[in-house]
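Reading through the structure tokens given below for one structure.
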Amino acid sequence: MAVSVAPQAPAATAKGSRRSKRGGMAIAERRAGLLFVTPYLIYFLILQLGALIFAFWVSFHHYDLLALDNPFVGLRNYVRLPANQDFLIAMRNTTEYAVVVVILQTVFALLLAVLLDSKIKGRNFFRSTWYTPSIASSVVISMIFLYVYHPTGLLNSILGLVGIHTTEAYLESTTWALPAIMFLNIWTTAPTFMLMFLAALQDIPKEIYEASAVDGASAVRKLFSITIPLLRPIIFLVVSLGIIGTFQVFDQMFIMTSGGPLKATLSVALLIYDNLFKDTGTVGVACAEAIVLGLVIFALTLISRRVIDTRIEY
Amino acid sequence: MSIGSSQALDTKINAPVAIATMPEPRQVKDTTERINALEVVVRYALYIVITLFLFTPFVMTVLSSFKTSAEVIAFPPTLLPSVWHPENYLNVLTQINGFPRMVFNSFFITFAAVALNLFFDSLVGYAFARLEFPYKNTLFAIMIATMVIPGFVFIVPRYILLLNAHLVNTYGALLVLYFLQPGYILLMTQFFKSIPRDLEEAAIVDGMGWFGIFWKIILPLARPALLATGILTFAGMWNGFFDWLIYMQDATMFNIQLGLTTFRSVYQNQWDLIMAGSVLAILPILLVYLVGQRYFVRGIATTGMK
Numbered sequence: 001m002a003v004s005v006a007p008q009a010p011a012a013t014a015k016g017s018r019r020s021k022r023g024g025m026a027i028a029e030r031r032a033g034l035l036f037v038t039p040y041l042i043y044f045l046i047l048q049l050g051a052l053i054f055a056f057w058v059s060f061h062h063y064d065l066l067a068l069d070n071p072f073v074g075l076r077n078y079v080r081l082p083a084n085q086d087f088l089i090a091m092r093n094t095t096e097y098a099v100v101v102v103i104l105q106t107v108f109a110l111l112l113a114v115l116l117d118s119k120i121k122g123r124n125f126f127r128s129t130w131y132t133p134s135i136a137s138s139v140v141i142s143m144i145f146l147y148v149y150h151p152t153g154l155l156n157s158i159l160g161l162v163g164i165h166t167t168e169a170y171l172e173s174t175t176w177a178l179p180a181i182m183f184l185n186i187w188t189t190a191p192t193f194m195l196m197f198l199a200a201l202q203d204i205p206k207e208i209y210e211a212s213a214v215d216g217a218s219a220v221r222k223l224f225s226i227t228i229p230l231l232r233p234i235i236f237l238v239v240s241l242g243i244i245g246t247f248q249v250f251d252q253m254f255i256m257t258s259g260g261p262l263k264a265t266l267s268v269a270l271l272i273y274d275n276l277f278k279d280t281g282t283v284g285v286a287c288a289e290a291i292v293l294g295l296v297i298f299a300l301t302l303i304s305r306r307v308i309d310t311r312i313e314y
Numbered sequence: 315m316s317i318g319s320s321q322a323l324d325t326k327i328n329a330p331v332a333i334a335t336m337p338e339p340r341q342v343k344d345t346t347e348r349i350n351a352l353e354v355v356v357r358y359a360l361y362i363v364i365t366l367f368l369f370t371p372f373v374m375t376v377l378s379s380f381k382t383s384a385e386v387i388a389f390p391p392t393l394l395p396s397v398w399h400p401e402n403y404l405n406v407l408t409q410i411n412g413f414p415r416m417v418f419n420s421f422f423i424t425f426a427a428v429a430l431n432l433f434f435d436s437l438v439g440y441a442f443a444r445l446e447f448p449y450k451n452t453l454f455a456i457m458i459a460t461m462v463i464p465g466f467v468f469i470v471p472r473y474i475l476l477l478n479a480h481l482v483n484t485y486g487a488l489l490v491l492y493f494l495q496p497g498y499i500l501l502m503t504q505f506f507k508s509i510p511r512d513l514e515e516a517a518i519v520d521g522m523g524w525f526g527i528f529w530k531i532i533l534p535l536a537r538p539a540l541l542a543t544g545i546l547t548f549a550g551m552w553n554g555f556f557d558w559l560i561y562m563q564d565a566t567m568f569n570i571q572l573g574l575t576t577f578r579s580v581y582q583n584q585w586d587l588i589m590a591g592s593v594l595a596i597l598p599i600l601l602v603y604l605v606g607q608r609y610f611v612r613g614i615a616t617t618g619m620k
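As they're listed, the protein sequences go chains A and B.
Its first residue numbered 1, the first sequence is counted upward by one per residue in the numbering used here.
Its first residue numbered 315, the second sequence is counted upward by one per residue in the numbering used here.
See the structure below:
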């Protein structure tokens with residue numbers, strides 16, 4: 001085994017021989033390190049970097065999964081997007097959906113976490129129960145809400161109990177279909193973020209609250225002048241995860257409404273899927289749409305970082 | 315879909331806090347206690363309202379799964395089934411085409427992915443946490459940075475790739491995509507960094523190889539992190555829908571989630587089977603959650619992944 005590769009050339013003394021032994025071990029360590037990390041390296045080179053480059057390549061071509069020849073079309077797939085009615089509708093629906101869901105689910109998750117962050121009895125029971133909507137799959141949640149939103153389903157039954165009698169078919173209404181799916185997503189995602197807020201809340205030194213209690217601060221005052229400012233880094237994280245998730249919403253629309261009625265719930269992700277599998281010769285378009293969507297998400301994440309300002313001040 | 319993931323979090327706050335230690339005036343004590351009693355009542359009322367809000371749909375789904383199709387959406391509605399129909403569950407197995415096979419597919423991919431992730435996520439995580447090798451920090455930074463790329467960007471190229479590798483409509487497609495997950499590599503890395511080095515140094519002196527150290531000394535110590543990785547991978551794979559929709563074309567390759575969706579798109583009025591099927595689809599993950607809650611919570615809090 002080669003020995004003298006240690007960073008600093010060792011002096012030829014007794015000390016030096018110990019150094020060179022360490023040099024041999026450093027080589028073994030380097031080899032082991034490279035070997036252990038190889039699975040991720042392969043994953044990165046093929047499934048991330050390779051895929052990303054290939055995505056751009058496909059987006060510059062008129063691409064069909066079955067065609068032998070896929071001609072180069074330059075930026076055409078991108079340039080045509082602003083004139084593509086479906087893309088505009090999908091983008092508007094998705095943005096509207098994302099804005100409402102991200103704001104409300106963050107607020108709701110924070111509220112749940114603040115409520116749970118106390119030494120009250122039964123806290124663990126409530127935490128477990130509240131988290132249930134987040135462990136169910138998107139399919140199960142969609143099935144449940146197909147029943148909830150049915151004209152004679154759970155929602156209208158409950159409304160009937162309080163004297164509002166209606167047989168509105170929420171998912172077949174251009175007015176209600178999108179808000180209905182928004183509601184479902186807030187309901188199912190907020191508990192995940194609740195857990196993240198809860199973990200962060202438990203890291204806030206209790207002395208801060210004790211000090212403010214002595215000053216006679218009210219609970220609401222404490223929430224806005226202590227808790228929320230201290231949670232800014234985690235709020236940023238929750239908002240950016242929310243942006244990434246909501247802008248790619250697919251499952252619920254695909255399962256519950258197929259984008260209808262009259263494209264009222266057509267999301268960009270659903271459009272990409274259709275371009276990829278239902279239409280022919282639009283794989284390049286699907287790629288361009290996905291890349292634009294990715295850039296929008298990236299830009300909005302940066303903006304939200306500016307807005308939330310993750311610095312902590314005292 | 316498991317798309318979102320997050321950067322390393324450091325929510326620890328080192329606050330220079332001035333602690334006021336003024337003694338509380340005595341006479342105020344009575345009123346504070348009364349306010350606290352009122353607060354407790356208000357709190358519990360709020361807890362119960364929220365619990366009803368978040369949990370009622372599940373209760374009603376379970377109850378509905380024992381009703382007839384007509385009764386699920388009957389008007390006026392019923393709370394409890396007028397006649398209990400436990401045979402709905404048997405009917406799911408016999409009337410939804412290929413349901414047992416879908417259950418098998420779900421379990422097979424879930425367990426295979428859990429095994430692969432336990433090994434590869436911890437192996438790579440260990441290298442990042444403990445071993446010195448060229449470009450380590452660059453590669454680690456790349457791993458964190460690429461975690462925020464929205465998954466939809468990768469869908470078309472990965473699909474074409476797996477199509478050309480003849481992996482579409484095989485288990486191979488999902489195993490290639492999920493044999494490791496950067497979010498859980500990060501989780502493992504952070505955990506390994508918290509283990510003291512003494513044990514490894516003793517093993518190095520004894521002449522043990524790096525894989526031996528990883529396998530025999532480090533992994534047994536990493537139980538909590540392995541459980542978090544395993545449980546969260548289980549949840550993600552069991553609940554998977556989108557990848558199955560894209561990559562699996564024959565009904566014999568569907569999982570429960572895709573099978574249920576396909577069934578409901580054809581038989582929209584079979585509410586008894588849809589509800590019972592949903593309960594069956596949530597049951598395994600619910601059990602895992604109840605048993606491994608602690609690790610579930612820790613994993614989500616550190617990685618932001620579900």
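Think of the CB as a built atom: it goes at the ideal place given N, C-alpha and C, for glycine as much as any other residue.
At a cut-off of 8 Å, the C-beta of His-150 of chain A has a neighbouring C-beta in chain B. For His-61 of chain A, the beta-bridge partners assigned by DSSP are A:Phe-72. At a cut-off of 8 Å between C-beta atoms, Ser-378 of chain B counts as an interface residue with respect to chain A.
The beta-carbon separation of Thr-174 of chain A and Pro-71 of chain A, rounded to 39 Å, does not stay under the 8 Å limit for a contact.
The C-alpha of Ile-141 of chain A lies about 14 Å from the C-alpha of Ala-190 of chain A.
Think of a sphere of 8 Å around the beta carbon of Phe-44 of chain A: the chain B residues whose beta carbon falls inside it are Leu-453, Ile-456, Met-457, Thr-460, in chain order.
The C-alpha of Ala-113 of chain A lies about 10 Å from the C-alpha of Thr-192 of chain A.
Rounded to the nearest whole angstrom, the CA to CA distance from Arg-472 of chain B to Met-196 of chain A is 31 Å. Here the C-alpha atom of Ala-351 of chain B lies approximately 15 Å from the C-alpha atom of Tyr-361 of chain B. In this structure, the alpha-carbon of Pro-534 of chain B lies about 42 Å from that of Ile-103 of chain A. For Asn-93 of chain A against Gly-284 of chain A, the beta-carbon gap comes to about 23 Å, at or over 8 Å, which does not count as contact. Taking 8 Å as the upper bound for CB-CB distance, Leu-368 of chain B and Thr-129 of chain A are in contact here, some 7 Å apart.
With contact defined as three or more Cβ pairs closer than 8 Å, the segment 537-550 of chain B and the segment 460-478 of chain B are not in contact.
Contacts with chain A at 8 Å (Cβ-Cβ) include Lys-450 of chain B. At a cut-off of 8 Å between beta carbons, Asp-117 of chain A makes no contact with chain B. A Cβ-Cβ separation of about 35 Å leaves Pro-391 of chain B out of contact with Gln-248 of chain A under the 8 Å criterion.
C-alpha of Ala-264 of chain A to C-alpha of Val-139 of chain A: approximately 20 Å in a straight line. Residues of the segment 176-194 of chain A that bring their beta carbon within less than 8 Å of a beta carbon in chain B comprise Trp-187, Pro-191, Thr-192, in sequence order.
Setting aside the 5 residues that flank it on each side, Thr-257 of chain A is surrounded in the same chain by Leu-171, Ala-177, Thr-265, each with a C-beta closer than 6 Å to its C-beta; the list follows chain order. Listed along chain B, no residue sits closer than 9 Å to Leu-68 of chain A by beta-carbon distance, the nearest being about 13 Å off. By the rule that beta-carbons nearer than 8 Å mark a contact, Gln-607 of chain B touches chain A. In this chain, the alpha helix (DSSP H) harbouring Gly-245 of chain A covers 232-246. Contact with chain B is found for Asp-251 of chain A, since one of that chain's Cβ atoms lies less than 8 Å from the residue's Cβ. It is roughly 32 Å from the alpha-carbon of Ala-109 of chain A to the alpha-carbon of Gln-48 of chain A.
Under the three-state reduction of DSSP, Tyr-449 of chain B is assigned to coil, being neither helix nor strand. Under the three-state reduction of DSSP output, Val-37 of chain A falls in the helix class.
Under the DSSP assignment, Lys-222 of chain A falls in the alpha helix (DSSP H) whose first and last residues are 219-222.
Exclusion of the five residues before and after Leu-489 of chain B leaves Ile-423, Ala-426, Ala-427, Leu-430 as the residues of its chain whose Cβ lies within less than 8 Å of its Cβ.
Inclusion of Arg-415 of chain B and Thr-575 of chain B in the CB contact set at 8 Å is not warranted, their separation being larger than that value. The shortest C-alpha to C-alpha distance from Thr-282 of chain A to any of A:Asn-156, A:Leu-52, A:Tyr-63, A:Ser-240 is the one to A:Tyr-63. Under the DSSP assignment, Phe-125 of chain A falls in the alpha helix (DSSP H) whose first and last residues are 123-135. For Phe-421 of chain B, the closest of B:Gly-526, B:Phe-389, B:Ile-560, B:Gly-550 by C-alpha to C-alpha distance is B:Gly-550. Around Asn-553 of chain B, the beta-carbon contacts reaching into chain A at under 9 Å are Ile-135, Ala-136, Ser-137, Ser-138, Val-139, Val-140. The contact set of Arg-80 of chain A on chain B, defined by CB atoms closer than 8 Å, is empty, because the minimum CB distance reaches about 17 Å. About 5 Å separates the beta carbons of Phe-380 of chain B and His-399 of chain B, which is inside the 8 Å limit, making them a contact pair. Between Asp-435 of chain B and Met-502 of chain B a beta carbon distance of about 5 Å is seen, short of the 8 Å cut, so the two are scored as contacting.
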